[in-house]
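Those letters in the sequence shown? Residues 2 to 64, per the numbering used here, in order.
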Amino acid sequence: MKRTPETDLLDPLDQLHADAENPLIAPSRRVAARVALRELREADTEADRRALMATITRTLRAG
């Protein structure tokens, strides 16, 4: 299957949760995932959360 933005990551938040808990990936990626999840929880506005999710999605696709 060809990779497209639609098929690459069906749910970036699920991917982020998986990365935060996966002992088989690089520790730096686990830490980054945990930090991103914490930032999402602490975001003050919906606009902040959307901006963070956009950044997270781009980062996961690049990774």
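From the three backbone atoms N, C-alpha and C, an ideal C-beta is built for every residue, glycine too. None of these values were measured; they are calculated from a predicted model.
Could you compute how far the alpha carbon of residue i sits from the alpha carbon of residue j?
i, j, result
"residue 25", "residue 35", "15 Å"
"residue 44", "residue 52", "10 Å"
"residue 37", "residue 22", "13 Å"
"residue 17", "residue 33", "9 Å"
"residue 42", "residue 59", "19 Å"
"residue 57", "residue 20", "12 Å"
Could you pull the start and end residues of the alpha helix (DSSP H) that residue i belongs to?
i, result
"residue 56", "47 to 63"
"residue 19", "13 to 22"
"residue 33", "28 to 43"
Considering Cα atoms alone, identify which of the options is closest to residue i.
i, options, result
"residue 61", "30, 22, 23", "30"
By the 10 Å Cβ neighbour count, where 16 or more other Cβ atoms means buried, how is residue i classified, buried or exposed?
i, result
"residue 12", "exposed"
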